[in-house]
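J.: Protein sequence lines, in the order shown, are assigned to chains X and C. Numbers 1 to 216, taken from the working numbering, label the letters of the first sequence in order. Numbers 1 to 456, taken from the working numbering, label the letters of the second sequence in order. All C-beta atoms, glycine included, are put in the ideal place defined by N, C-alpha and C. Structure provided below as structure tokens; questions to follow.
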Amino acid sequence: MNQIRVLLADDHTLIRAGLRLVVDRESEFTVVGEASDGRQAVALAESLKPDIVVMDIGMPGLNGIEACRQIREKMPDTQVVMLSMHSDEGYVLRALKAGARAYLLKDSAEADLGRAIRAASDGKSFFSPAVGKVLLEDYMRTLQRTGAEDSYELLSPREREILQLVAEGKSSKEIAGLLNLSVHTVETHRARVMQKLNLRGIPELTLYAVRKGIIS
Amino acid sequence: MPPEKSNPTVRDGDWPTPRVRWVLAGTFVALLALIFVSGAAATRTLREMHQEEENARLILADRGQQLTGLFVSVELYNQDIGRFVGYPGARPDPGIRQELEQAGAELLSQLNRYPAVRQPQEEDFLKHLDDLYRRHRELYQEALSGSLTRDLMADQVLGMRAQILDWSGELNTWNGRRLQQSDAALLAQFGNLQSTLTRSLAIALAAGLLLVAASMAYILRLERQTRNRYRELAESRHELERLSSRLVDAQEEERRAISRELHDEVGQSLGALLVDLGRLSSSLPADGAEIRERLQHMKALTERTVGTVRDIALLLRPSMLDDLGLVAALEWQGREVSRRSEMEVAVESANVSDDLPDDYKICVYRLVQEALNNAVRHARARNARVRVAGAASGIEIEVSDDGQGFDPRRTRGLGILGMEERVKRLGGSLAVTSAPGQGTRVKAELPLPVAAGTPA
Numbered sequence: 001m002n003q004i005r006v007l008l009a010d011d012h013t014l015i016r017a018g019l020r021l022v023v024d025r026e027s028e029f030t031v032v033g034e035a036s037d038g039r040q041a042v043a044l045a046e047s048l049k050p051d052i053v054v055m056d057i058g059m060p061g062l063n064g065i066e067a068c069r070q071i072r073e074k075m076p077d078t079q080v081v082m083l084s085m086h087s088d089e090g091y092v093l094r095a096l097k098a099g100a101r102a103y104l105l106k107d108s109a110e111a112d113l114g115r116a117i118r119a120a121s122d123g124k125s126f127f128s129p130a131v132g133k134v135l136l137e138d139y140m141r142t143l144q145r146t147g148a149e150d151s152y153e154l155l156s157p158r159e160r161e162i163l164q165l166v167a168e169g170k171s172s173k174e175i176a177g178l179l180n181l182s183v184h185t186v187e188t189h190r191a192r193v194m195q196k197l198n199l200r201g202i203p204e205l206t207l208y209a210v211r212k213g214i215i216s
Numbered sequence: 001m002p003p004e005k006s007n008p009t010v011r012d013g014d015w016p017t018p019r020v021r022w023v024l025a026g027t028f029v030a031l032l033a034l035i036f037v038s039g040a041a042a043t044r045t046l047r048e049m050h051q052e053e054e055n056a057r058l059i060l061a062d063r064g065q066q067l068t069g070l071f072v073s074v075e076l077y078n079q080d081i082g083r084f085v086g087y088p089g090a091r092p093d094p095g096i097r098q099e100l101e102q103a104g105a106e107l108l109s110q111l112n113r114y115p116a117v118r119q120p121q122e123e124d125f126l127k128h129l130d131d132l133y134r135r136h137r138e139l140y141q142e143a144l145s146g147s148l149t150r151d152l153m154a155d156q157v158l159g160m161r162a163q164i165l166d167w168s169g170e171l172n173t174w175n176g177r178r179l180q181q182s183d184a185a186l187l188a189q190f191g192n193l194q195s196t197l198t199r200s201l202a203i204a205l206a207a208g209l210l211l212v213a214a215s216m217a218y219i220l221r222l223e224r225q226t227r228n229r230y231r232e233l234a235e236s237r238h239e240l241e242r243l244s245s246r247l248v249d250a251q252e253e254e255r256r257a258i259s260r261e262l263h264d265e266v267g268q269s270l271g272a273l274l275v276d277l278g279r280l281s282s283s284l285p286a287d288g289a290e291i292r293e294r295l296q297h298m299k300a301l302t303e304r305t306v307g308t309v310r311d312i313a314l315l316l317r318p319s320m321l322d323d324l325g326l327v328a329a330l331e332w333q334g335r336e337v338s339r340r341s342e343m344e345v346a347v348e349s350a351n352v353s354d355d356l357p358d359d360y361k362i363c364v365y366r367l368v369q370e371a372l373n374n375a376v377r378h379a380r381a382r383n384a385r386v387r388v389a390g391a392a393s394g395i396e397i398e399v400s401d402d403g404q405g406f407d408p409r410r411t412r413g414l415g416i417l418g419m420e421e422r423v424k425r426l427g428g429s430l431a432v433t434s435a436p437g438q439g440t441r442v443k444a445e446l447p448l449p450v451a452a453g454t455p456a
């Protein structure tokens, strides 16, 4: 069985130690390095080429979001699990835009880190359950305030299916294979979903899916 | 800093005492009085001179009349004497005698009527005239009694007549001189008056100049003092502004330090505690249900504490400003307030640069934070709207709510003062418009430093 190579990046040694214990508990994970700030994380990721970087969002110097962006740009095969204290959509959306696959709240890191690393290494998204809850609440409140219809109701079953698969991190080609459709059809459905939900880009789509509880 | 040290140049002695004012006013009044008095004196003197001249003229005219009357009487008398002397008969006609005696009486009465106040020349003249007349009377009596012939008398009388004409000529000349003399006296008096007037005028002028100079000096001094006061005031205001700006800086710095401390020390320890607790509970043997429950409880407590510490740290230093930038941080704040209160916050932004200097980000963030806080706590608003718009010249921030409002002229809480302080420090302006029942609108304009002016 292939070992999943993990790089830990957090400016707090105690937290890093805790994370290392959690990661080491799982036999399929190996911690290959530890970084104490964003710049070091980028440098280590480049030299160690880990499968997963577990990254704290708030670090001195270069913060986690920027470090994530740089790592994803330089090494598209390395996935990032973002650790944060904030469940706010501002953070979640930023992290997603920077290319993070998973978004974990520090409170629940101990319980969810293993699942998150596994999901990310499979190219899937993962979010702490509390994040989805907060995002959904905010979303519902915005809907109430603006009096807008829930645009999810506008989607056809096929479109919902595709929304979920896209949000999980699948490419159009993979989706076409799964649903037995042509890539072109998938692309068309995807474009219509984006248009109906008034979304720009995969990060917003993923955020929407988390908000709606379609993925977690 | 002790208050008197901040303004060391202000002393009570600098301010002019009211005495100077009174002295100036007194001098002014005295000057007016001087002009008035000398004017009045001049007018009175002129009137007196006029009176005197009039009197002198009257007296002279009176004299002249008297003299003329006298001469006429003398002439008539002489004629009568001539007729008396030249009468051909041995005894003159009684008519002629009577006329002569009448003319004599007339002459005498004229002599007596001459004004009692006389000059020595007049006195002499009148005395001579009187003597002559007496001589005439004696000669006449002798002629009447026959002891003197009329021819002899005629010789004597004619001589006297020439004498009288001589004297009267002298008297006339003398009278004319009198007139000249009185004119000269008047002229001298007039000259006196003129010099008195000139002197008073000179004094008044000098006093006036002195007064003007003193007033000018006084005014200049006041002006200088006012300018000094103004400069001191401006300086101390500037000092105050610098001080409060430093206060804001210090406060922000302190908050940042405490926040970092909380985040780094307390947060880290709590996080590590959580991880340990989790590991402990998962490595527990299956039968330790009671311990597992206690561990669960400890974990929940720790999680709550982590949340509290995070909230406090965020309040002290909004790390999302560093992590997400201004707009995202404002949106976060809006959602955060919506989550925690009964008020819904909508955040709109346009053209806001992510490269704003830290001062500006903090300022806008704190401003919005304070305004939203006020809207929730004091105005009990249901909805609030935050609008931030960037332009090349600066940023415009507006926070409006539908709360109960207040009267900004009466109430000016520390919150608004704090906002004002922050905005003013960066050279901006703040306007709070509100009225009871009308909601509140806080509007601020922040000019940007030239380098940071272009939106990203």
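Can you round the beta-carbon distance between K131/X and S87/X to whole angstroms, since I take them to be within the 8 angstroms contact cut?
T.: Note on residue identity: the sequence assigns Val, not Lys, to residue 131/X. Between S87/X and V131/X the Cβ distance is about 5 angstroms, and since that is below 8 angstroms, they are a contact.
J.: Using a Cβ-Cβ distance cut-off of 8 angstroms, determine whether S269/C contacts chain X.
T.: yes
J.: Can you grab the Cα-Cα spacing for the pair M194/X / I162/X, in whole Å?
T.: One C-alpha to the other measures close to 11 angstroms.
J.: Which residues mark the beginning and the end of the alpha helix (DSSP H) in which M320/C is found?
T.: Segment S319 to L324, the alpha helix (DSSP H) holding M320/C.
J.: Would you mind working out which of V306/C, R409/C, G394/C and R380/C sits nearest M85/X, comparing C-alpha positions?
T.: V306/C
J.: Of the choices R141/X, R200/X and L205/X, whose alpha-carbon is the least far from that of R160/X?
T.: L205/X
J.: Here's a check: name, in chain order, each residue in its chain whose Cβ is nearer than 6 angstroms to the Cβ of G325/C, leaving out the five neighbours to either side.
T.: D354
J.: Could you give the C-beta distance for M55/X and V80/X, rounded to a whole number, given that I count them as a contact under 8 angstroms?
T.: 6 angstroms
J.: Quick check: the Cα distance between T9/C and R224/C, rounded to an integer number of angstroms?
T.: Any reading at T9/C must be qualified, since the residue scores a pLDDT of 46, below 50, and its modelled position is unreliable; the value itself is stated next. C-alpha separation (whole angstroms): 14 angstroms.
J.: Just mark T198/C as buried or exposed, buried being the case when its beta carbon has 16 or more other beta carbons within 10 Å.
T.: exposed
J.: Count the other C-beta atoms from every protein chain shown that fall within 10 angstroms of the C-beta of M216/C, then say buried if there are 16 or more, exposed otherwise.
T.: By the neighbour-count criterion, in which 16 or more other beta carbons inside 10 Å mark a residue as buried, M216/C falls on the exposed side.
J.: For the alpha helix (DSSP H) containing D287/C, list its first residue and its last residue.
T.: Here D287/C belongs to no alpha helix (DSSP H), and DSSP marks it neither H nor E.
J.: In whole angstroms, what is the alpha-carbon distance linking E137/X and L154/X?
T.: Going by the C-alpha atoms only, they are around 20 angstroms apart.
J.: Looking only at its chain, what residues have a beta carbon closer than 6 angstroms to the beta carbon of S400/C, apart from the 5 residues adjacent to it on each side?
T.: R385 and R441
J.: Please list the segments of the alpha helix (DSSP H) lying wholly inside the stretch 80-142 of chain X, counting only runs of 4 or more residues, in order along the chain.
T.: 89-97 and 109-121
J.: Please report how far the alpha carbon of A234/C lies from the alpha carbon of R242/C, in whole angstroms.
T.: 12 angstroms
J.: Along chain X, which residues have their Cβ under 8 angstroms away from the Cβ of G403/C?
T.: In chain order: nothing, as chain X lies at least about 16 angstroms away.
J.: Shortest alpha-carbon distance to R217/X belongs to which of N374/C, S338/C and A435/C?
T.: This structure cannot speak to residue 217/X, because chain X is shown only from 1 to 216.
J.: For a cutoff of 8 angstroms on Cβ pairs, would you count A300/C as touching chain X?
T.: no
J.: State the beta-bridge partners of P447/C as determined by DSSP.
T.: G394/C
J.: When DSSP builds the beta bridges, which residues end up paired with L8/X?
T.: E34/X and V54/X
J.: Using Cβ-Cβ distances below 8 angstroms, what residues of the stretch 309-325 of chain C are close to chain X?
T.: R310, S319, M320, D322, D323 and L324
J.: With 16 as the cutoff for other CB atoms within 10 Å, does R11/C come out buried or exposed?
T.: Only weak support exists for where R11/C lies, its pLDDT of 48 falling under 50; the coordinates are left without a value.
J.: What's the call for E4/C, buried or exposed, on a 16-neighbour Cβ count within 10 Å?
T.: Because E4/C sits at a pLDDT of 41, beneath the cut-off of 50, its placement in the model cannot be relied upon, and the point is left open.
J.: I need the boundaries of the beta strand (DSSP E) containing S349/C, first residue and last residue.
T.: E344 to A350
J.: Can you list the residues of chain C that M140/X reaches, using a CB-CB cut of under 7 angstroms?
T.: None at all; the shortest Cβ gap to chain C is about 11 angstroms.
J.: With respect to the alpha helix (DSSP H) encompassing S109/C, which residues constitute its N-terminal and C-terminal limits?
T.: Taken as a continuous stretch (DSSP letters only), the alpha helix (DSSP H) holding S109/C covers P94 to R113.
J.: Return the chain-ordered list of same chain residues with a C-beta closer than 8 angstroms to the C-beta of Q121/C, the five sequence neighbours on each side being excluded.
T.: Around Q121/C: E170, L171 and W174.
J.: Report the neighbours of G58/X on chain C: residues whose CB is nearer than 7 angstroms to its CB, in chain order.
T.: Those within 7 angstroms of G58/X in chain C are S319 and D323.
J.: Just tell me which of D151/C, G208/C, R118/C and Q98/C has its CA closest to the CA of I35/C.
T.: G208/C
J.: Contact between the stretch 287-298 of chain C and the stretch 253-268 of chain C: three or more CB pairs below 8 angstroms?
T.: no
J.: Excluding the 5 residues preceding and the 5 following I258/C in the sequence, name in chain order all residues of the same chain whose CB lies nearer than 7 angstroms to its CB.
T.: L316
J.: Checking 8 angstroms against the spacing of the C-beta atoms, do L211/C and T27/C come in under that value?
T.: yes
J.: With a threshold of 7 angstroms on Cβ separation, who are the neighbours of K74/X within its own chain once the five nearest residues in sequence on each side are excluded?
T.: E46
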